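**Q** Under the numbering used here, the first residue of the sequence shown carries the number 35, and numbering increases by one thereafter. A virtual CB, placed ideally from N, CA and C, is assigned to each residue, including glycine. Note that the structure is a prediction, hence the values are computed from the model and not measured. One structure coming up, written as structure tokens, with questions to follow.
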Amino acid sequence: MTLCILLVLLMQAVFLCLEAGAVRSKNTVNVAAKNLVDLILVTLFYFAIGFTIQYGWFSDFSQNAHPDGQHYPYIFLLFQTLFAATAATIVSGAVSERCGLGAYMVISLIIVTLIYPISGQWVWGGVFDTPQGWLAKAGFVDFAGATQVHALGGAVALASVLVIGPRLGFGEQSYKVFRGLNQTLSLLGVMLLWLGWFGFNMGSLLKMDALLSLVMINTFISACAGGLASLVWSIVFFHKTDIPMVANGVLAGLVGITAGAHAVQPPEAILIGSMAGLICSGMTVFLEHHKIDDVIGAIPVHLGAGTWGALSVGLLGDPEILNTGHDLISQFGIQLLGVSCVVVWSFVMSYTLLKVVNRWYPLRVSAESEQIGLNISEHGAITELSEIVHDLELQAQSQQYKSLESDPFSELSGITQQYNHILESFLSSQKALESSLETLQTTNNELTEQKSQADSANRQKTLFITKVSQEIRTPLNSILATSEMLGLETLSDEQQQWVDIINQSGHALLDIVNDVIDYSRLESGHLPLQTAAFDLPEMIEQCRKVFLTEVLNKDLKFHIYIEMGIPKTITADARRLRQVIINLLGNACRYTDHGTISLSVTRNHTTNYLVLEVIDTGTGLPAESLETVFDAFGQEEEFADKEAHSSGLGLTICKQLVELMGGKISVKSEEGNGSHFTVQIPVKWE
35 MTLCILLVLL
45 MQAVFLCLEA
55 GAVRSKNTVN
65 VAAKNLVDLI
75 LVTLFYFAIG
85 FTIQYGWFSD
95 FSQNAHPDGQ
105 HYPYIFLLFQ
115 TLFAATAATI
125 VSGAVSERCG
135 LGAYMVISLI
145 IVTLIYPISG
155 QWVWGGVFDT
165 PQGWLAKAGF
175 VDFAGATQVH
185 ALGGAVALAS
195 VLVIGPRLGF
205 GEQSYKVFRG
215 LNQTLSLLGV
225 MLLWLGWFGF
235 NMGSLLKMDA
245 LLSLVMINTF
255 ISACAGGLAS
265 LVWSIVFFHK
275 TDIPMVANGV
285 LAGLVGITAG
295 AHAVQPPEAI
305 LIGSMAGLIC
315 SGMTVFLEHH
325 KIDDVIGAIP
335 VHLGAGTWGA
345 LSVGLLGDPE
355 ILNTGHDLIS
365 QFGIQLLGVS
375 CVVVWSFVMS
385 YTLLKVVNRW
395 YPLRVSAESE
405 QIGLNISEHG
415 AITELSEIVH
425 DLELQAQSQQ
435 YKSLESDPFS
445 ELSGITQQYN
455 HILESFLSSQ
465 KALESSLETL
475 QTTNNELTEQ
485 KSQADSANRQ
495 KTLFITKVSQ
505 EIRTPLNSIL
515 ATSEMLGLET
525 LSDEQQQWVD
535 IINQSGHALL
545 DIVNDVIDYS
555 RLESGHLPLQ
565 TAAFDLPEMI
575 EQCRKVFLTE
585 VLNKDLKFHI
595 YIEMGIPKTI
605 TADARRLRQV
615 IINLLGNACR
625 YTDHGTISLS
635 VTRNHTTNYL
645 VLEVIDTGTG
655 LPAESLETVF
665 DAFGQEEEFA
675 DKEAHSSGLG
685 LTICKQLVEL
695 MGGKISVKSE
705 EGNGSHFTVQ
715 IPVKWE
């Protein structure tokens, strides 16, 4: 019995390893403190209060405890104290990383002075002629505490987690959002718990018994079955070996067999362990899906597997060994009643009390404390890593970056040295960047000033061109009027020829002046659009008449096609649209000596745009000129040998007017085979 007590006491240290490996490094000291203070507090309060509630006054108990050993009552008291400590320790792992030491002590006191001893009297009352509990009297069997220790601890853990809430950031990322400090340490804890469980179960016989070997083999083999079941679960559902889940499967197998390790055979123990592992794995996924944050999986392991273990006694237990006088069906009903009562009692009582306590004494630490870690916020346990983090936070807040002090013999010296190297490079780059920014700002200021001067000069140029053009246009109009009047007089052939030359040259010069004025206005952005409804076919006819004489003189064929069915009236800037058409037709007439000129007017039913196409059989454009044909004066370079003169701005003005109206213009041409200009302009169809 003494060896069993030592093994169960070892489990307290092992719980510390298991939990410390599962939490982040900033909370490990707090985990150790909770497990140490918990053992101290639970032992004293269970001695003083809990044992008396559960079994009656110790003086009365010691008289009936064991006829063959006067010190046995003390051994039994210590054994039961460690059971109570185990129930309290279960909660510690579930609420890690956000529950302070003081709050956890409150939870432990509620368990050890109220919840555990009262239900313990129901389940185990009657040992050594102590007052018999009503569940024990009904035939409820809980051999080593699957219900009284594990299901109870799991139920309180669930209530605590629900009251306290999840850790900051839990559930915001994928499965296993937080990884603990050291999985190896946690796995060592699982292996040592496995060892300690032999003391847990074998000690519950309370004496040397023939069932000792059966309890031992069942404990061992059920743990193996639970681990294997969880391993299969993780491979099937996660497609990987999830080691923490497998470890919890082993513990679930141990918890499951605890209820009836003395009353089943090894094949039944394998079944119990397997089911416990599957229940634990499924419950783990369920809790994570509903964002119930159980750090080490205490709820699935202890509540889930503990409940199943209690029920398995009724399903698989040997009635002769159980010796309750019930068959399996009635025994199952009693087991269901017993585990339900203990779980409901534990959950409801703990949830209610913790809710009340939480209103006056917060069970959860502040967000700031949780963020920096309970090692520092609860215990002032400064580590080298925490000092580095603190220094970096101060630098980030002050925006004053400097090198960190580096201890060459520290395991973190590599981090600090690399940070210092990176910081040195960063500061050097920042200095160079600041210098570049200053240069860039100076250049930008100079460019802004030059742009302002250029804009001013451009405005002056536009004003000058407009005024000069107007001054030229006034006498030019007089010359044209005079030449036209002379043309009406009776003149000789030579005189008529000179009058025609004056008239043609005057109109050519007037076109150039008008183009220069329009181009200047477009460049300065002072050419507004004036949209209105107009008759499209009528405007096309007006454009045709402009070139009728020139077409007849050159003996050209002039075709106009207007798509049938398109609306007659449209809304657009008729003046600018007419100017585009006349410029394109003028170019076609100018560079086409024979053949055909055609104007096509259609509607793009996809974009609802007006489509104008001007096609000629003139000289065409070489391929290298297509990219510059819309540039100012660009198109005239290819036709320097032409007698016809123009401003060289016609196509440039066309492009700018089309774009001003929200459209686009394109050209296809082949030298010697004419040109094909396409204009697409958005209009409103009436």
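DSSP three-state call for His273: helix, strand or coil?
**A** Three-state DSSP puts His273 in coil, outside helix and strand.
**Q** By the three-class DSSP mapping on this structure, what secondary structure does Glu677 have?
**A** Note that Glu677 scores a pLDDT of 41, beneath 50, so its modelled location is shaky; the value from the coordinates is reported in the next line. Note: Glu677 maps to coil in three-state DSSP.
**Q** Out of Met35, Ser153, Gly652, Thr662, state which residue places its alpha-carbon closest to the alpha-carbon of Ile87.
**A** That would be Ser153, whose Cα lies nearest to the Cα of Ile87.
**Q** For a test of the three-state rule: what should DSSP assign to Ser709, helix, strand or coil?
**A** Of the three classes helix, strand and coil, the one that applies to Ser709 here is strand, per DSSP.
**Q** Under 8 Å Cβ to Cβ from Glu402, same chain only, skipping five residues before and after it: list those, please.
**A** Here the set comprises Ser411.
**Q** How about Gly407 and Lys60: are their beta carbons less than 7 Å apart?
**A** Yes, the Cβ-Cβ distance between Gly407 and Lys60 is below 7 Å.
**Q** Under 8 Å, with one C-beta from each stretch per pair, do the segment 191-203 and the segment 311-329 reach the 3-pair mark?
**A** Cβ pair count under 8 Å is three or more, so yes.
**Q** If Ala567 and Glu720 are in contact, beta carbons under 8 Å, what's the gap, nearest whole angstrom?
**A** About 6 Å separates the two Cβ atoms, so the contact holds.
**Q** Identify the residues that DSSP records as bridge partners of Arg637: which are they?
**A** Arg637 pairs with Leu644.
**Q** Where does Ala435 fall in DSSP's three states?
**A** Note that residue 435 is Tyr in the sequence shown here, rather than Ala. Three-state result, Tyr435: coil.
**Q** Is the number of C-beta pairs between the segment 185-193 and the segment 212-229 that are closer than 8 Å three or more?
**A** No: fewer than three Cβ pairs fall under 8 Å.
**Q** Once the 5 residues before and after Leu169 are set aside, which same chain residues still bring their CB inside 6 Å of it?
**A** Once the five neighbours on either side are set aside, the close Cβ partners of Leu169 are Trp156, Val157, Gly372.
**Q** Would you say Ala286 and Val335 are within 7 Å of each other, going by their C-beta atoms?
**A** The answer is yes: Cβ separation under 7 Å.
**Q** Assign Phe79 to buried or exposed, taking buried as 16 or more other Cβ atoms, counted over all protein chains shown, within 10 Å of its Cβ.
**A** With 16 or more other Cβ atoms within 10 Å, it is buried.
**Q** I'd like the span of the beta strand (DSSP E) that includes Ile30, first residue to last.
**A** Residue 30 is absent from the structure shown; the chain starts at 35 and stops at 720.
**Q** So, helix, strand or coil for His455, using DSSP?
**A** Three-state DSSP puts His455 in a helix.
**Q** Is it the case that the segment 628-635 contacts the segment 581-593, given that we only count it when at least three CB pairs across the two stretches are under 8 Å?
**A** Flag = yes, the segment 581-593 and the segment 628-635 touch.
**Q** Give the secondary structure of Ile699 by DSSP, where H, G and I count as helix, E and B as strand, and everything else as coil.
**A** Of the three classes helix, strand and coil, the one that applies to Ile699 here is strand, per DSSP.
**Q** Where DSSP assigns a beta bridge to Lys718, which residues make up the other side?
**A** Answer by DSSP bridge pairing, in chain order: Thr605.
**Q** Along the chain, where does the alpha helix (DSSP H) that runs through Phe568 open and close?
**A** First-last for Phe568: 566-569, but that is the beta strand (DSSP E), not the alpha helix (DSSP H).
**Q** Between the Cα of Leu148 and those of Gln576, Thr386, Asn252, spot the shortest distance and give me the residue it belongs to.
**A** When each option's Cα is compared against that of Leu148, the closest is Thr386.
**Q** DSSP three-state call for Lys210: helix, strand or coil?
**A** With a pLDDT of 49 at Lys210, under the threshold of 50, the modelled position of this residue cannot be trusted; read the value that follows with caution. Coil.
**Q** DSSP on Lys60, reduced to helix/strand/coil?
**A** Of the three classes helix, strand and coil, the one that applies to Lys60 here is helix, per DSSP.
**Q** For Asp400, which of helix, strand or coil comes out of DSSP?
**A** In the sequence as presented, Asp is not what sits at residue 400; that position holds Ser. DSSP places Ser400 in coil when its eight states are reduced to three.
**Q** Could you have a look at His324 and say whether DSSP puts it in helix, strand or coil?
**A** Coil, per DSSP.
**Q** Can you tell me the Cα-Cα spacing of His710 and Leu525, whole angstroms?
**A** Rounded to whole angstroms, His710 to Leu525 spans 42 Å at the Cα level.
**Q** Sort Arg398, Glu480, Gly652, Pro442 by Cα distance to Ala128 and report the nearest one.
**A** The option with the nearest alpha carbon to Ala128 is Arg398.
**Q** Is the segment 173-183 in contact with the segment 293-301, if contact means three or more CB pairs nearer than 8 Å?
**A** With the cut-off at 8 Å, the segment 173-183 and the segment 293-301 touch.
**Q** Quick one: Cα of Gln369 to Cα of Leu288, how far?
**A** Gln369 and Leu288: Cα-Cα distance of roughly 19 Å.
**Q** Cutting at 7 Å between CB atoms, please list the residues of its own chain near Pro601, excluding the five before and the five after it.
**A** Cβ neighbours of Pro601 beyond the five flanking positions: Trp719, Glu720.
**Q** Expressed to the nearest angstrom, what Euclidean distance is found between the alpha-carbon atoms of Leu229 and Leu305?
**A** If I take the Cα positions, the gap works out to 21 Å.
**Q** Are there three or more Cβ pairs, one per stretch, closer than 8 Å when the segment 35-44 is compared with the segment 225-239?
**A** A contact exists between the segment 35-44 and the segment 225-239.
**Q** What's the call for Trp267, buried or exposed, on a 16-neighbour Cβ count within 10 Å?
**A** It is buried - the Cβ of Trp267 has at least 16 other Cβ atoms within 10 Å.
**Q** Specify the secondary structure class of Ile124 as computed by DSSP and reduced to three states.
**A** Ile124: helix per DSSP, three-state reduction.
**Q** Under 8 Å, with one C-beta from each stretch per pair, do the segment 644-653 and the segment 612-627 reach the 3-pair mark?
**A** Cβ pair count under 8 Å is three or more, so yes.
**Q** Measure the CB-CB distance between Val717 and Leu644 and report whether it falls below 7 Å.
**A** Going by C-beta atoms, Val717 is nearer than 7 Å to Leu644.
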